[in-house]
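Following: one structure in structure tokens, then a few remarks.
In this note's numbering, the protein residues as written are -3 to 939.
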């Protein structure tokens, strides 16, 4: 994985070097663009294009793209025709001398005898328009965030960008919730292909690993059609990386910033070992070889001298340091265009981004609830700790996408991406331990790396004028490594002579006084899919039949080992126990002959391996009942075979092998009420399978004193019926008003439960009996110029979702019920996004103010009469400003979280979790080298 990362950096740095441009005769230019169906947005390969009054023309390729070379400069008239569609004449196409003009064309279905239409050429549409056009022409309910919207916001990654979509919320800055449903009901794909998750607790992909600088669009599909994977109900989120641009371009960007919680303040930090700045710090961390040979101590236990060797082999880093927070930095670069390779014209884009930041969670509070034993049902607070966490984060990534044509009817593309991140945390907190009955000081040092790789080979083939085949073969891999987490606990004890002093808890024999944790997860996936499309009928009565299949194989391995160090002999040595832990564990008390320490594996560990094979096939049809009325129906067959082998720290093995075969039907009706209005109806059945970690009965704990999380091998998959209706109105290309109603019915929904115990708290997973989810979504985007011409540069947008859910717990639920009915875990009663944008006609200057709030939502359901854990609303206000300094140089200023609203989770009267992150600011510049004499991004068909 390290070689892959370094190789990716070198390759992308080479690609981002400015390239020369090819010359072109100044008196002529080029016209390039794409021909699509005006109703569905699908490409029209083979469409004929020619210039009126000149013997110059071209044919559209398999993806609808075309290029017309050697066009005389000046005003031209373009004629576009295709069998079964109305011929369109585009006037006033301004072709620059030595340059390129973009002109997309949408043809309307119609009988051959219908007279052609004439329109005037428009300037190239912005990406907001294009995103709305895709939303308008989609089969189901779709929302998209465009590259332009991302650029006008301070969003640094895909997770921040996607929360601008109606009904979408993001938990912990990375996990997507749609329409109030937990992240398990949302799937993520990269350029259309599923990718694995680097998280040990979840199968969902955290979107914070995708830098926004690499993105083109983020599309959320909220209704199921048979050509989609059936394991979602909230949404299928497709993250699209950048495609090669319409002209050869090279651009660079650089920004600096900081936060009020960290920059210039004293923050906690953890010592570096080297290469953390590249997210490759694991090279000097990991399980010591001396310890690794004993495993979980079940087959072979170390003796006293071996214990000394093990203690000496640990990386001797335990204490958090204090330092002054430094500014945050980020930079990136992109190069794209076309190049000649082996006699073919190839489109390419290479891009890389890098960011390094420091942050802090200040005013931190955490506690656990306890049910008293009197039978009165009173909840009290225990294990309350207050402190602070300092974090250093690195995120970098790169893409290299290539595309070329093989004849006029075939296109092959190779998409490659690699992203890597690291979080280096130091945490210090003080509180009272209910179990030990004494006040404690806890310090935790944690370093986590994540990496995601994706390679995709894509083919599109227009077999005949009315049949099309596309296919995808992809390979992906993820890794998540927590190579060495350290936790050390001190007790604040009273001394009549000297007052309070700190005594290490491990010196009293506690197994939680000095702990080292080693975790590693690796997952590899292979996916292949093929789709065939056949068009029947003519003109406005065209129909389509589609069928295809998918095979996906996933292999995951995860291991988490936890070891504690304790000592009874040092208890009476006051001089020893008052030393810093680095001196105690530095070899002074673990020399040959010493018998001071005992090392034991803890129960908060274990390993599991998962193998997941999925095969699917589908058949669907789009039938035009009458002009503007389309019926879309079909079914998908999915067969899933999951094998999970788990082993806990004491060597107890468990094997789980759920096998399911499901038929998932879908039916949709789209009514085009007018040219600007569409009404959609949809009904479908989907499912949600248990995640690997949820099936594995091994324990995991985030921090000493926190909850232990354990899997449940008896989980069943969830079946969901989905009902959707949406009205859409597009008064102008960049404006929309839509209202959607949705309802969902769940059988055996999987929920995360919190179980109150007399000892350490436990969280697990259980099937409820049933659940229902209802809601309404409203989205509006409007230019203010329609109200007053003086406001034509201003636009507003808002989207709001109101939701209600109800879970019936059932008689066989895990643990005692706190209540028979409650909302679903992760469901918020409301979500609101709003924004105000000012943009010049060229869109080079813009200012955007963004607001987001999510209503209270359950993070874990209560059990054993303990109340539910509920995250409280956060009001988030962001601002972004873009302004050109020169033709090539632009300035950007971002301000995030201006209200500094706290993150707060409550559980009844108990404040379960609380902290603030401060306000963040950044200023950056970007430099674009776009030559005046451009090369086209459309690929030339070989002669």
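Beta carbons are placed, not taken as given, at the ideal position from N, Cα and C, and that holds for glycine.
Computed from a predicted model, the values in this text were never measured in an experiment.
Inset, instruction - Give the DSSP-derived three-state secondary structure of residue 689 in the structure shown. - result: In this structure, residue 689 counts as helix in the three-state DSSP scheme.
Legend entry - Coarse secondary structure for residue 180, derived from DSSP in three states: helix
Inset, instruction - Could you name each continuous alpha helix (DSSP H) segment of 4 residues or more that falls completely within the region 239 to 292, going from the start of the chain to the end? - result: Entirely contained in the region 239 to 292, the alpha helix (DSSP H) runs reaching 4 residues are, in chain order, 285 to 288.
Legend entry - Extent of the continuous beta strand (DSSP E) run through residue 229: Looking at the DSSP string, residue 229 is not in any beta strand (DSSP E), and its letter there is neither H nor E.
Legend entry - With 16 other Cβ atoms within 10 Å as the buried cut-off, status of residue 623: exposed
Inset, instruction - Answer yes or no: do residue 736 and residue 722 have a C-beta to C-beta separation smaller than 8 angstroms? - result: yes
Legend entry - Meets three-Cβ-pair contact criterion under 8 angstroms: the region 317 to 328 and the region 504 to 522: The region 317 to 328, when compared against the region 504 to 522, does not touch it at the 8 angstroms Cβ threshold.
Inset, instruction - Kindly indicate which three-state DSSP category residue 695 falls into: helix, strand or coil? - result: strand
Legend entry - Secondary structure, alpha helix (DSSP H): runs of 4+ residues fully inside the region 772 to 835: none
Legend entry - Residue of 894, 469, 601, 448 minimising C-alpha distance to residue 512: The residue with the shortest Cα to Cα distance from residue 512 is 601.
Inset, instruction - For residue 930, count neighbouring C-beta atoms within 10 Å of its own C-beta (all shown protein chains included) and say buried if the count is 16 or more, exposed if not. - result: Its pLDDT being 36, under 50, residue 930 is placed unreliably by the model, and the measurement read from it follows with that caveat. Answer is buried; the Cβ neighbour count reaches 16.
Inset, instruction - Report yes or no: do three or more beta-carbon pairs, one from the region 413 to 423 and one from the region 433 to 451, lie closer than 8 angstroms? - result: They touch, by the three-pair rule.
Inset, instruction - Quick one: using the 10 Å Cβ neighbour count with 16 as the cut-off for buried, is residue 744 buried or exposed? - result: buried
Inset, instruction - Drop a sphere of 10 angstroms on the beta-carbon of residue 458, count the other beta-carbons inside from all chains shown, and report buried for 16 or more, exposed for fewer. - result: buried
Inset, instruction - Could you tell me whether the region 553 to 568 touches the region 247 to 257, using the rule of 3 or more Cβ pairs below 8 angstroms? - result: Result no; under three Cβ-Cβ pairs closer than 8 angstroms.
Inset, instruction - Using the Cα positions of residue 831 and residue 784, report the straight-line distance between them to the nearest angstrom. - result: 19 angstroms
Inset, instruction - Report buried or exposed for residue 86, applying the criterion of at least 16 other Cβ atoms within 10 angstroms of its Cβ. - result: buried
Inset, instruction - Just the C-alpha distance for residue 398 and residue 470, rounded to the nearest angstrom, thanks. - result: 15 angstroms
Inset, instruction - Output the distance between the C-alpha atoms of residue 681 and residue 392, rounded to the nearest integer angstrom. - result: Cα to Cα, residue 681 sits roughly 38 angstroms from residue 392.
Inset, instruction - Please state if the CB of residue 486 and the CB of residue 475 are separated by a distance shorter than 8 angstroms. - result: no
Inset, instruction - Quick one: which unbroken beta strand (DSSP E) runs of 3-plus residues sit fully inside the region 576 to 614? Chain order, please. - result: 594 to 597
Legend entry - Identity of the residue in 788, 685, 679 nearest residue 730 by Cα: 788
Legend entry - CA nearest to the CA of residue 26, picked from 563, 68, 56: 68
Inset, instruction - Starting from the N-terminal side, write out each stretch of the alpha helix (DSSP H) that is 4 residues or longer and does not extend beyond the region 374 to 416. - result: none
Legend entry - Contacts around residue 834, its chain only, beta-carbon distance under 7 angstroms, and the 5 residues preceding and following it disregarded: 789, 790, 842, 843
Inset, instruction - State the CB to CB distance for the pair residue 89 and residue 83, rounded to an integer number of angstroms; the pair is presumed to be in contact (CB under 8 angstroms). - result: Between residue 83 and residue 89 the Cβ distance is about 16 angstroms, and since that is not below 8 angstroms, they are no contact.
Legend entry - Host alpha helix (DSSP H) of residue 298 (start-end): Residue 298 -> no alpha helix (DSSP H), and no H or E assigned at all.
Legend entry - Outcome for residue 299 when other beta-carbon atoms lying within 10 angstroms are tallied against a minimum of 16: exposed
Inset, instruction - Quick one: grab the DSSP three-state call for residue 479. - result: strand
Inset, instruction - Identify, in the order they occur along the chain, each residue of the same chain with its Cβ nearer than 6 angstroms to the Cβ of residue 351, setting aside the five sequence neighbours on each side. - result: Short of 6 angstroms from the beta carbon of residue 351, and not among the five residues preceding or following it, lie these beta carbons of its own chain, in chain order: 326, 391.
Legend entry - C-beta atoms of residue 606 and residue 640 nearer than 8 angstroms: yes
Inset, instruction - Evaluate residue 50 with the Cβ neighbour count: other Cβ atoms within 10 Å of its Cβ, from every protein chain shown; 16 or more gives buried, anything less gives exposed. - result: Residue 50 is exposed by the Cβ-count criterion.
Legend entry - Residues near residue 525 in its chain [Cβ-Cβ closer than 6 angstroms; skip 5 each side]: Result list for residue 525: 468, 546, in chain order.
Inset, instruction - Figure out for me which residue from 805, 719, 764, 748 has the closest Cα to the Cα of residue 772. - result: For residue 772, the nearest C-alpha among the options comes from 719.
Legend entry - 7 angstroms Cβ shell around residue 659 - same chain, five flanking residues per side excluded: 631, 633
Legend entry - Test item: CB-CB of residue 870 and residue 897 under 8 angstroms: Taking 8 angstroms as the Cβ cut-off, residue 870 and residue 897 qualify as a contacting pair.
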